[in-house]
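A.B. asks: Numbering (the numbering used here), first residue to last: 385 to 779.
Every residue gets a Cβ at the ideal spot worked out from N, C-alpha and C, and that includes glycine.
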Amino acid sequence: MIITHEHKELHRTVSKFVQDEINPHVDEWEAAGIWPAHEVLKRMGDLGLLGINKPAEYGGMGLDYSYELIFAMALGQCHCGSLPMAIGVQTDMATPALARFGSDELRQQYLAPAIAGDQVVSIAVSEAGAGSDVASIKTTATKDGGDYVINGSKMWITNGTQSDWACMLVNTGEGKPHKNKSLVVVPLDAKGVDRQTKLDKLGMRASDTAMIFLDNVRVPQRNLIGQEGMGFMYQMLQFQEERLFGAATAIEGLESNLDETIDYARSRKAFGQSVLDNQYVHFRLAELKTEVESLKALTMQAAEQYINGRDASMLASMCKLKAGRVSREVTDTCLQFWGGQGFMWDNRVARAYRDSRLISIGGGADEVMLSIICKLMGTMPSRGSKSAEAQGKAA
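1) Name the two residues that bound the continuous beta strand (DSSP E) containing residue 552.
2) Per DSSP, residue 536 forms a beta bridge with which residues?
3) How many Å lie between residue 774 and residue 701 at the Cα?
4) Have a look at residue 433 and residue 397 and give me their C-alpha separation to the nearest angstrom.
5) In the DSSP output, which residue or residues are listed as bridge partners for residue 511?
6) Report all residues from its chain with a CB closer than 8 Å to the CB of residue 448; omit the five preceding and five following residues, and keep chain order.
7) Assuming residue 538 and residue 605 form a contact by the criterion Cβ under 8 Å, report the distance between their Cβ atoms to the nearest whole angstrom.
8) Who are the near neighbours of residue 718 in its chain, counting only those whose CB is closer than 6 Å to its CB and skipping five residues on each side?
9) Locate the alpha helix (DSSP H) running through residue 624, then write down its first and last residues.
10) For residue 566, list the residues DSSP reports as bridge partners.
11) For the stretch 414-479, list the alpha helix (DSSP H) runs that are entirely contained and at least 4 residues long, ordered along the chain.
12) When burial is assigned at 16 or more other CB atoms within 10 Å of the CB, is residue 562 buried or exposed?
13) Roughly how many angstroms separate the alpha carbons of residue 386 and residue 494, rounded to a whole number?
14) How many whole angstroms separate the CB atoms of residue 613 and residue 557, which I take to be in contact at a CB cut-off of 8 Å?
15) Less than 7 Å separating the Cβ of residue 540 from some heavy atom of the ligand PLP?
16) Report the rounded CA-to-CA distance for residue 728 versus residue 736, giving the unit in angstroms.
17) Which parts of the stretch 652-726 are runs of the beta strand (DSSP E), unbroken and 3 residues or longer, counting only runs that do not cross its ends?
18) Check the DSSP bridge columns for residue 506 and list the partner residues they point to.
19) Reducing DSSP to helix, strand and coil, say where residue 571 ends up.
20) Given residue 753, which residues of its chain have a CB within under 6 Å of its CB, disregarding the five upstream and five downstream residues?
21) Can you have a look at residue 341 and say buried or exposed, based on whether 16 or more other CB atoms are within 10 angstroms of its CB?
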């Protein structure tokens, strides 16, 4: 993926926004457990940052995904993980399917305001009994006149207490679980929506996360995105952008964690020398720097494949897997090298340690990424076959 002058200028613009408009307020938003989504996203919309790869006719820039990737990487400079995630929901999780498959009317009504920053949006797929197992969702949408009537609940919904609407995956039929689902735009001020339950999380504290209950919520059938029954497939396509975005936002934050840890270890004295002078410490930091560079290279390769119209499911899943594991490894080691200071709640490395744990869970757990990779490699046992262990014993 070639980085041009235009990419660098976009990176500079986003970096400046993060340093001027986000980082000075992160501690306050972390303590409050919520960020002013409408206010921040409106300022980003005014700068054209919420529709970088969205169609120009709805207010976007119409650029390819390489620019969105650079945007995501610059967001990684936030002093928390919650803001890149919450912003990414707006740009790369709730809106890709609408931008690609929505009717002109639907895109004008919902996509354009999201790109402008006039509306805050959520992606509503997970449920209490169906997180990574998307096919097991229970929320239903039945037809009644010209409406869908939606019943069920959604769990772990980012931006959920503030969103104007959600891109929601629902069951619209009784058929096979991969063919009976649809994506529907659901206004969250509709009668029958209850989203008062704000969840208390280990990390990502500045991002509000809600449980949403839906009791006979009526939504016009014109709010259907694309074709009925194609929701599972559309969501799998959205996951490619979500996973690439998540991996990209991790990179510069990890680099910052390493740089801060190097500075601290150089200044911290123990047993007559700096902590950094211990061979284990500087060797370990070199290993971790290599891991972060590997994640960057893999993410750019996956983005290039996606930009060129090829299926990036395998590489995007690898990026997601690698980002989660490298983030856990880097933040755990950095915290260790900070010693007692690393265990303090307000320490940025401690915050990164808490925040990064979600990467291996949200948007598909590590185990799901491994299953996808195995399936695409052709190594996944077919249903009904003997387990690998049983086959080994039989041999």
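C.D. replies: Inspection of the coordinates gives the following:
1) 549-555
2) 598
3) With a pLDDT of only 37 at residue 774, under the threshold of 50, the placement of this residue in the model should not be trusted; the figure read from the coordinates follows. The alpha-carbon atoms of residue 774 and residue 701 are separated by roughly 28 Å.
4) 9 Å
5) 514
6) 437, 691
7) Wrong, their Cβ atoms sit about 20 Å apart, outside the cutoff.
8) 641, 645, 733
9) 615-651
10) 554
11) 421-430, 449-459, 466-472
12) exposed
13) 33 Å
14) 6 Å
15) For the structure depicted, the ligand PLP is absent and the ligand set is empty, with no information on it obtainable.
16) 12 Å
17) none
18) 550
19) strand
20) 701, 704, 705
21) Since the first residue of the chain shown is 385 and the last is 779, residue 341 is not available in this structure.
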